[in-house]
Amino acid sequence: MDFSNILPALPSMMDGLWLTLKLTVLSIIGGVVIGTLLALARLSKYKFLAMAAGFYVNYFRSIPLLLVITWFYFMVPFIIGWVTGTNRPVGALTSCLIAFMLFEAAYFCEIVRAGIQSISKGQINAAYALGLNYRQAMQLIVLPQAFRKMMPLLMQQSIILFQDTSLVYAVGLMDFLNTARSRGDIVGQPHEFLLFAGLIYFIISFGASSYVTYLKKRTTV
Amino acid sequence: MISIEHINKWYGDFQVLTDCTADISKGEVVVVCGPSGSGKSTLIKCVNALEPFQEGRIIVDGISVGDPQTDLPLLRSRIGMVFQNFELFPHLSITENLMLAQQRVLGRSADEARDTGLKLLDRVGLKAQAAKFPGQLSGGQQQRVAIARALAMNPIAMLFDEPTSALDPEMVNEVLDVMTELAQEGMTMMCVTHEMGFARRVANRVIFMDKGHIEEDCSAVEFFGSPRGERAQHFLSKILHN
Chain A
1 MDFSNILPAL
11 PSMMDGLWLT
21 LKLTVLSIIG
31 GVVIGTLLAL
41 ARLSKYKFLA
51 MAAGFYVNYF
61 RSIPLLLVIT
71 WFYFMVPFII
81 GWVTGTNRPV
91 GALTSCLIAF
101 MLFEAAYFCE
111 IVRAGIQSIS
121 KGQINAAYAL
131 GLNYRQAMQL
141 IVLPQAFRKM
151 MPLLMQQSII
161 LFQDTSLVYA
171 VGLMDFLNTA
181 RSRGDIVGQP
191 HEFLLFAGLI
201 YFIISFGASS
211 YVTYLKKRTT
221 V
Chain B
1001 MISIEHINKW
1011 YGDFQVLTDC
1021 TADISKGEVV
1031 VVCGPSGSGK
1041 STLIKCVNAL
1051 EPFQEGRIIV
1061 DGISVGDPQT
1071 DLPLLRSRIG
1081 MVFQNFELFP
1091 HLSITENLML
1101 AQQRVLGRSA
1111 DEARDTGLKL
1121 LDRVGLKAQA
1131 AKFPGQLSGG
1141 QQQRVAIARA
1151 LAMNPIAMLF
1161 DEPTSALDPE
1171 MVNEVLDVMT
1181 ELAQEGMTMM
1191 CVTHEMGFAR
1201 RVANRVIFMD
1211 KGHIEEDCSA
1221 VEFFGSPRGE
1231 RAQHFLSKIL
1241 HN
């Protein structure tokens, strides 16, 4: 084992890590926002809306992420071109971001739905009794409490998402893992580079999940 | 002020309310009592449309509650409601609990909402707790805050749904005292409660319900003197012996 070649490769690997983190954070934000809207739709009294959201969630939870990433890579430029009427290439990063957001939204939806359902009917009644409308009751009373309760689950899902971003290698994006792999290949030391990449993934994921455990303990006391 | 006319309500095949009719005039205090499962809480929740009903009419201050055209948030903002489990918002401080609906529903400024809230908090004897969170207060204190929160909206009437049932015995009186004071000031009140002492002292009228039906609707003096129906007599003898 010879780890001396890793140091010179660090700057490009940091670029890769930056891309990985960017993908993760933006996908979490988009996924939680879309997932919350989906959850509200699934709990809606309008049957059609609830069914459509339910179909969306079940569909995306039943197909592999890798399929969604490659499929969107080919589909998204077409769709955007069709919608905007221009023929501009969108690039792998955009298509991957959209794929992650839409895919993860299905998982975040189920977490948010459980969170909303954990808030008692009495709280909603109290909000309505004071004259709040549906939107205000959700935004001011139900969702703030629900998000507090589901924070550990949301973070757990986000850690999985962080690891799953490595699948972007399929469409040639140079994320952290892909950069480490290619740099390792160039110098003929793939094992050392993959071990190093694994260590970094471990530190970030394990650090985050330890923090989740700490949060869980604090919120249950 | 509140007029309940021939209300029928079903949960699926099960009829929870049968032909309920009652009138509550301005300034009147009406206690609704009866065995558990008799539909008292369901009836009081129909008054501000927290529970829908299939037949009949409820008119509050000239507005029909069941009418699909009715602006329910506006109507509800004018009727205060106090719940069995207090239902303060646990993620907000006491002051924020008092301010929220004043700002969001009535459009009051933060300063005005805070002033009104603190004044009412002082009235229920809890000014010192303003910065705390609901979880830090006792049940009795939380219920007094809940009453203050409802009063902050300047309601034309107050609904109480078993306000003391979830309280430890030593805290019941502090809540009843606030309610009694409110009644003496002329607030229109509809109270679902098992507190017969409160009913005797404060209520103008007592409504006795059993199996979703209003069995008795008479003055408090009459009710406690000699209830007409057998079921009411039975209920009273059971509850007063305890």
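Each protein sequence line maps, in turn, to chains A and B. Numbering follows my numbering, in which position 192 of the first sequence is assigned residue number 192; successive positions increment by one, without gaps. Numbering follows my numbering, in which position 155 of the second sequence is assigned residue number 1155; successive positions increment by one, without gaps. Where a beta carbon is used, it is the ideal one built from N, C-alpha and C, also for glycine. Every value quoted in this text rests on a predicted model; they were computed, and no experiment measured them.
Check, Outcome
"Who are the near neighbours of B:VAL1202 in its chain, counting only those whose CB is closer than 6 Å to its CB and skipping five residues on each side?", "VAL1029, THR1180 and ALA1183"
"Would you verify that the beta carbon of A:LEU215 is, or is not, closer than 7 Å to some beta carbon of chain B?", "no"
"Any C-beta of chain B within less than 7 Å: which residues of the region 122-140 of chain A qualify?", "GLY122, GLN123, ASN125, ALA126, TYR128, ALA129, LEU130, GLY131, LEU132, ASN133, GLN136 and LEU140"
"Under 7 Å between beta-carbons, which chain B residues line up against A:PRO144? List them in chain order, please.", "HIS1091"
"Identify, in the order they occur along the chain, each residue of the same chain with its Cβ nearer than 8 Å to the Cβ of A:VAL168, setting aside the five sequence neighbours on each side.", "LEU23, ILE69, ALA92, CYS96, ASP175 and ASN178"
"Can you give, in chain order, each stretch of the alpha helix (DSSP H) that sits fully within the region 156-212 of chain A and has at least 4 residues?", "176-187"
"Quick one: which chain A residues come within Cβ less than 7 Å of B:ALA1101?", "LEU130, GLY131 and LEU132"
"Could you check where the alpha helix (DSSP H) with A:THR20 kicks off and where it finishes?", "6-42"
"Under 8 Å, with one C-beta from each stretch per pair, do the region 152-165 of chain A and the region 116-126 of chain A reach the 3-pair mark?", "no"
"Would you mind telling me which residues of chain B sit closer than 8 Å to A:ARG148, beta carbon to beta carbon, in chain order?", "HIS1091"
"I'd like to know if the region 1030-1042 of chain B and the region 1203-1210 of chain B are in contact, where contact means that at least 3 CB-CB pairs between them fall below 8 Å.", "yes"
"At 4 residues or longer, what runs of the alpha helix (DSSP H) sit wholly inside the region 1052-1104 of chain B?", "1072-1077 and 1094-1104"
"If you run the structure through DSSP and keep just helix, strand and coil, what is B:THR1164?", "coil"
"Measuring alpha carbon to alpha carbon, tell me which residue in B:GLN1054, B:LEU1159 and B:ALA1152 is nearest B:ASP1013.", "B:GLN1054"
"Compare the Cα-Cα distances from B:PHE1083 to each of B:GLN1143, B:LEU1074 and B:GLY1225 and report the closest residue.", "B:GLN1143"
"Please check the pair A:SER12 and A:MET101, which I expect to be a contact at CB under 8 Å, by giving their CB distance rounded to whole angstroms.", "Actually they are not in contact, since the Cβ atoms of A:SER12 and A:MET101 sit about 27 Å apart, beyond 8 Å."
"If you reduce the DSSP assignment to three classes, tell me which class A:LYS217 lands in.", "helix"
"Less than 8 Å between the CB atoms is what I'm expecting for B:ARG1200 and B:ALA1232, so what's the real figure, rounded?", "Not confirmed; about 14 Å, so no contact."
"Let me check understanding here. Comparing Cα to Cα, which of B:ARG1149, B:ARG1104, B:LEU1106 and B:ASN1008 lies closest to B:LEU1118?", "B:ARG1149"
"Mind listing the chain A neighbours of B:LEU1137? Cutoff is C-beta to C-beta under 9 Å, in chain order.", "Those within 9 Å of B:LEU1137 in chain A number zero; the least Cβ separation is about 16 Å."
"Identify whether B:SER1109 lies in helix, strand or coil by the three-state DSSP scheme.", "coil"
"Please list, in chain order, the residues of the region 1154-1185 of chain B that have any C-beta partner in chain A closer than 7 Å.", "none"
"Which value, in whole angstroms, describes the spacing of the CA atoms of A:ARG183 and A:PHE193?", "8 Å"
"Output needed in chain order: residues of the region 1075-1086 of chain B with a Cβ under 7 Å from some Cβ in chain A.", "ARG1076, SER1077, MET1081, PHE1083 and ASN1085"
"Output the distance between the C-alpha atoms of B:CYS1020 and A:MET150, rounded to the nearest integer angstrom.", "43 Å"
"In three-state terms, what does DSSP make of B:HIS1234?", "helix"
"At least one CB of chain A closer than 7 Å to the CB of B:LEU1050: is that the case?", "yes"
"Where DSSP assigns a beta bridge to A:TRP71, which residues make up the other side?", "BP columns for A:TRP71 are empty, so no partner."
"Are the Cβ atoms of B:SER1093 and B:ALA1131 separated by less than 7 Å?", "yes"
"Would you check if there are 3 or more beta carbon pairs closer than 8 Å linking the region 1039-1051 of chain B to the region 1001-1018 of chain B?", "yes"
"Express the C-alpha separation of B:ILE1147 and A:SER118 in angstroms, rounding to a whole number.", "25 Å"
"Say whether chain A places a C-beta atom closer than 7 Å to the C-beta of B:VAL1105.", "yes"
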